[in-house]
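Residues in the sequence shown are numbered from 11 upward in steps of one, following the working numbering.
Data block below; observations after.
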Amino acid sequence: MLRLCLRRLASVVPIMAIVATLTFLLVQLVPGDPASFLLGSGATADEVARLRSSMGLDRPALVQYGDWLGGLFHGDLGVSLVSNQKVAASLGSAVPVTVSVALLATVFTLLIGVTLGTVAAVRGGLVDRAVMWGASIGMAVPSFWLAGLLVFVFAIRLPVFPATGYVAFTVSPGQWLSHLILPMVAVGLAGVGPVAFQTRVGVVEQLSRDYVRTLAANGLSRRRIVCRHVLRNASGPVVTVASLGFVFALGGVMVIEAIFNLPGVGTLMLSAIRQHDLPIVQGAVLAFSLIIVVVNLLSDVVAAALNPRIRFS
């Protein structure tokens with residue numbers, strides 16, 4: 011297990027180096043000049059040139075890349091061109107919001123998906139078909155449409171949950187959760203289907219194994235066999251699907267944040283793109299990439315802990 015963790019950790023550095031390089035190159039290709047955008051159309055060429063010089067945008071791209079990469083190694087992501095605030099500080103307040111929604115959505119996906127997949131595999135027949143049919147419909151529902159429907163029903167017609175805004179967990183855990191319930195469902199529902207399908211396949215496969223018949227012959231109830239043995243042995247692929255679902259949830263959160271007015275990375279990034287705030291865009295892309303790499307690392311470790319064959323391979 012330790013060797014597996016070290017191998018996965020060693021792969022993080024080159025992956026992030028490649029992501030950082032590609033991020034810088036792609037941002038440099040974005041059309042438009044941040045200095046001209048900030049000064050407006052009435053600025054003279056001399057004013058634009060002076061602002062570009064003060065921002066360091068008049069230097070060669072290779073020099074800018076070297077300075078930016080050097081700052082990354084010291085934890086310095088640069089300074090916002092618009093607010094003059096440290097990029098790390100802006101991301102520090104936005105990342106917890108986005109991660110909170112994505113994590114809650116993943117937990118929601120796992121709870122509902124594993125339950126439905128297990129019920130479908132154990133019961134079979136009409137229940138199996140109904141569950142899989144419902145899961146397929148859930149996968150086809152657009153998250154932005156579902157978000158609007160949830161706001162209309164549970165925030166306007168039935169004012170159970172707040173429609174917009176965010177309260178930090180440290181301020182009020184209850185308010186934090188109530189503000190994230192609707193975004194969680196809107197983001198997480200699409201992931202229920204893949205988890206349910208994978209759980210059903212794994213449970214059906216495990217139920218046909220000899221050890222299940224042996225445990226049943228020894229007097230163990232079917233519920234205990236499924237909950238304590240079958241689900242554990244079938245959970246490896248489910249963890250992988252859940253980690254992919256978390257990655258897709260991060261992408262979905264960017265749209266959902268705009269609907270629910272959440273101050274997350276997606277909102278910050280969209281605002282930075284509109285204002286040509288390149289350091290914020292670079293920092294947001296790196297933050298998303300690092301989160302995805304860490305989640306994939308953790309999913310590999312969890313899958314290895316659940317399945318000894320992965321550790322030994």
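Virtual Cβ for every residue (Gly too), placed ideally from N, Cα, C.
In this text, all values refer to a predicted model and were calculated from it rather than measured experimentally.
Nearest to residue i (by Cα), restricted to the options the options
i	options	result
V109	A315, I283 and M264	M264
I302	V29, R17, A150 and L156	V29
G246	R238, I266 and Q208	Q208
A206	T128, V249 and A173	T128
A314	V249, R60 and V73	V249
G261	L48, N271 and V275	V275
E267	G102, S231, L82 and V107	V107
G212	A244, L67 and S182	A244
V40	V202, R233, N306 and A282	A282
V111	S299, L278 and H189	H189
Q285	L91, G293, S253 and W186	L91
V257	Y221, G201 and R219	G201
L307	T224, L254, L278 and A165	L254
L296	M26, S46, V197 and S100	M26
F171	T180, V151, M194 and P152	M194
V137	Q216, R210 and D43	R210
V141	G203, S64, L280 and L192	G203
R133	L19, R233 and G175	R233
L278	S93, C15, R62 and R69	S93
G85	P169, L160, A98 and F164	A98
T33	S299, V304 and V312	S299
L272	V177, A131 and T116	V177
V251	A173, G123 and A20	G123
L114	P44, R139, M149 and V197	V197
L217	V236, L199 and L230	V236
V73	A130, L35, A157 and D56	L35
V103	V312, A294 and V304	Here residue 103 turns out to be Ser, not Val, going by the sequence shown. Ranking the options by Cα distance to S103, first place goes to A294.
A45	S51, G52, L61 and D56	L61
Environment of residue i [buried if 16+ CB atoms lie within 10 Å]
i	result
A227	exposed
T31	exposed
D287	buried
Q38	exposed
D310	buried
Q292	buried
I147	exposed
Q95	exposed
W155	exposed
S63	exposed
P289	buried
S100	buried
I166	exposed
V163	exposed
G66	exposed
A20	exposed
W3	Lying before the first or after the last residue shown, residue 3 is absent from the chain, which here runs from 11 to 323.
F179	exposed
T54	exposed
V240	buried
A4	Lying outside 11 to 323, the shown extent of the chain, residue 4 is not represented and no answer is given.
Element boundaries [alpha helix (DSSP H), containing residue i]
i	result
D43	No alpha helix (DSSP H) holds D43; DSSP gives it neither H nor E.
I235	R232 to I235
L79	A71 to F83
S51	Unbroken run through S51: none, as it is neither H nor E.
F154	S153 to V161
R238	Where R238 is concerned, there is no enclosing alpha helix (DSSP H), given that its DSSP letter is neither H nor E.
A165	No alpha helix (DSSP H) contains A165, which DSSP labels as neither H nor E.
L136	G135 to A150
Beta-bridge partners of residue i, as assigned by DSSP
i	result
V89	K96
Query - Ordered list of alpha helix (DSSP H) runs contained in the region 168-220, each at least 4 residues - result: Correct list: 183-217.
Query - Complete runs of the alpha helix (DSSP H) confined to the region 248-299 [at least 4 residues] - result: With a minimum length of 4 residues, the continuous alpha helix (DSSP H) runs that stay inside the region 248-299 are 275-284.
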